[in-house]
Amino acid sequence: MEEAFMQRTATCGSLRAADEGKTVVLNGWVHRDRNHGALHFINLRDRYGMTQVVVDDDASPELQKAAGELKLEYCIAVKGTVRRRPDDMINPEMATGEIEVKAERIDVLSKCDVLPFMIDEENNAREDLRLKYRYLDLRCNGMQKRIALRHEIVKAIREYFYKTDFLEIETPTLIRSTPEGARDFLVPSRIYPGKFFALPQSPQLYKQLLMVSGFDKYFQIARCYRDEDPRGDRQLEFTQLDIEMSYVKRDDVLSLMEDLFGDVFRKVLNVELPAHFRRLSYHDAMNTYGSDKPDLRFGLEMHDAASFASKSTFNAFTETLAAGGAVKYIVAPKTEGHDYTRKYLGELEAAAKIYGAHGMAWMKADGGTVTGGVSKFFAGMEKEVLAETGAKDGDVILLVAHQDWKKCCTSMGAVRSRLGADLGLIKPGYEFCWIIDFPLFEYNEDEGHWEAAHHMFSMPQAEYLETLEENPGAVKGDLYDLVLNGYELASGSIRIHDVELQKRIFRICNIPDEVSKERFGFLLDAFRFSPPPHGGIAPGIDRLCMIVANEQSIKEVIAFPKNTAALSPMDDSPSPVEEKQLEELHLSIKKPE
Ligand code: ASP
């Protein structure tokens, strides 16, 4: 039987000068197509690279015709001979730049319609167009590289675990609805009218149950689903490396992660990470960087201004301090080519206000004193301000006051982030750090009760065990976050493995015993049967890949993401379903009013 098409004997990235004289078949897409009279140059592309195919001007009329009919992105098969390019035609930018393939036969395998955008290095088309034609967007070199990079990262992670005692275990994706902080995606049961499965927000409870079962080291690359409103760079589904271990304390989990990331970064990027990552308590991270995910690629630390602000005549400062609030400052350094104009200071203030600041004050260090802004309220103590802050001529002291310490810190932190980027202070590279000693609970102002800051299965630190209920806000948890370049890369905790303690936490989070029995009965049941102490963590794979790829959006490292409105323009999902499908599921749609 004759073969259906000429199958490739080499890829478009593989041929070198040493292949000179070989007859080869290439399969790929027409990337660029140039004519010089009867001479055709075709850049043929596949996943592996690009090869220049030449149809010489003395080629047969059939070959000339075939070449003349080619259009961009036609999928073709080329048979030809590898020849060295003349010296002045060698292209050092191309891996195959020393050779070209002199075509003898060209077959069109499939034609291409009018393209919605050019297949290029990076696709600059509108995002919705990119996502509508994602299969074409993925042909662009940038996406090809990022998807391959993601593969390398996941492969390195798996290889790391395969060298250890960890078992890779899958957990179900149709589970009981056990909200973990976000809203569950629900799946109606056809067989049991009125009942639902949920898609997991993470495998949290299942990995804990695996510990009860004795699989003391578990990992999984798990898909997680959270039905949240579209906001920022979120996706409805994301991937995490899910890890749980028995008989561990916090530092065992942190060491494992340091070792894992050390290995992955060495393998994938040839970058050597420090053996241990810096650790910051939640309090210190907030107090110094105004964030629980500080970007440590630059300094610009913030400080307490109370010592001098309390002696000023600026009411906003003195009153805030008298009422137990905080005043913090940052010294914005004098920077070549950067002016602290009123307009720019206004932009910084706007950034602070997003986080609750009422305003941002400033004064400039100039000629051995402070001038402008709020400097007049520091009359007579200018030298003290300079000495306290260490501000030098040309630096600007930026201050934020707030009744609420956290709001003061996060507002000033927003200014710090803006400055870091605008002044070009961010060093290239990777700065990991651990944030530890988080509060276990947060107060939900809207609903008027405490809730878990991470999730409800995290262990309070031992010293708070007796007094949890008295002052939930003061309780610190055995919680840890891994931060990379200002992004929260992973969260984890040592878990509760005691029924009574677990119930106390549920109660503090406004979940009475009847409700917790109903919702989390299987976990509480399992904990009756000698659960081992355990803990874990879950680094986000999308975010990790995004940072390593030096991108700003996780969409750039996901093959088929949803858009910012949580829709898929490509398959037009979510979509209506047929009446029959709804009937089978015992559902009817309430028409929106
Ligand atoms: N299940 C947690 C999450 O998805 C991670 C963990 O505590 O291991 O954030």
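Per my numbering, the sequence shown starts with residue 1122, numbered consecutively.
Ideal placement from N, C-alpha and C gives every residue a C-beta, glycine not left out.
Residue i vs residue j beta-carbon contact at 8 Å
i	j	result
F1317	P1309	yes
Y1601	L1394	no
P1560	L1603	no
M1423	T1409	yes
L1165	G1149	yes
P1415	G1607	yes
P1321	I1296	yes
F1386	V1392	yes
M1502	G1493	no
L1236	L1184	no
M1691	K1253	yes
D1249	N1684	yes
H1523	G1594	no
L1326	L1644	yes
Q1169	G1134	The sequence given here has Tyr at residue 1169, not Gln. Yes.
L1421	G1541	yes
K1513	K1455	yes
A1343	T1299	no
M1127	H1152	no
M1366	D1373	yes
V1203	L1307	no
Burial state of residue i (16 or more Cβ within 10 Å)
i	result
K1328	buried
Y1450	buried
P1682	buried
K1338	buried
K1528	buried
E1699	exposed
K1116	Outside the shown range of the chain (1122 to 1714) lies residue 1116, about which nothing can therefore be said.
M1481	buried
E1470	buried
Q1702	exposed
H1707	exposed
L1288	exposed
K1676	buried
K1624	buried
N1436	exposed
T1510	buried
S1428	exposed
A1680	exposed
Q1356	buried
L1331	buried
Supposed close pair residue i, residue j - CB separation, criterion 8 Å
i	j	result
A1486	L1507	6 Å
I1658	I1364	5 Å
L1520	A1426	6 Å
E1190	R1206	So it is not a contact: roughly 25 Å between Cβ atoms.
Y1461	A1472	That belief does not hold up - the Cβ atoms of Y1461 and A1472 are roughly 14 Å apart, past 8 Å.
F1340	S1433	So it is not a contact: roughly 55 Å between Cβ atoms.
F1553	L1605	5 Å
Y1281	L1381	5 Å
Proximal residues to residue i (C-beta, below 7 Å), its chain only, five neighbours per side dropped
i	result
M1580	G1598, D1599, S1614, I1615, R1616 and I1617
T1162	One detail in the question is off: residue 1162 reads as Phe in this sequence, not Thr. R1155, Q1173 and V1175, listed in sequence order.
E1273	V1389
M1407	D1413, K1527 and C1530
M1264	D1258
K1548	R1418 and F1419
D1286	K1338
V1333	A1647, F1650 and P1652
S1578	Residue 1578 is actually Phe in this sequence, not Ser. For F1578, where only same-chain residues beyond five positions count, the Cβ hits under 7 Å are Q1325, Q1329, R1616 and I1617.
Sequence-distant residues of its chain with Cβ nearer than 8 Å to residue i (five each side left out)
i	result
L1586	L1622
G1446	A1522, H1523, Q1524, D1525, W1526 and C1529
C1261	I1240, D1241, E1242, E1243 and N1244
Neighbourhood of residue i by C-beta distance below 6 Å, restricted to the same chain and skipping five residues each side
i	result
D1178	A1159 and L1160
V1199	L1147, V1174, A1224 and I1227
R1347	A1303 and Q1322
R1271	C1666 and V1678
V1369	G1656
S1674	D1354
T1490	E1503
is_contact[residue i, chain B] using C-beta, thresh 8 Å
i	result
M1378	Absent from the structure is chain B; it holds one protein chain and no more.
Is there contact between the segment 1619–1636 and the segment 1396–1403, where contact requires at least three CB pairs shorter than 8 Å?
-> Remark: fewer than three beta-carbon pairs, one from each stretch, lie closer than 8 Å, so the segment 1619–1636 and the segment 1396–1403 are not flagged as touching.
Just checking, does the segment 1661–1672 make contact with the segment 1354–1374 on the three C-beta pairs under 8 Å criterion?
-> yes
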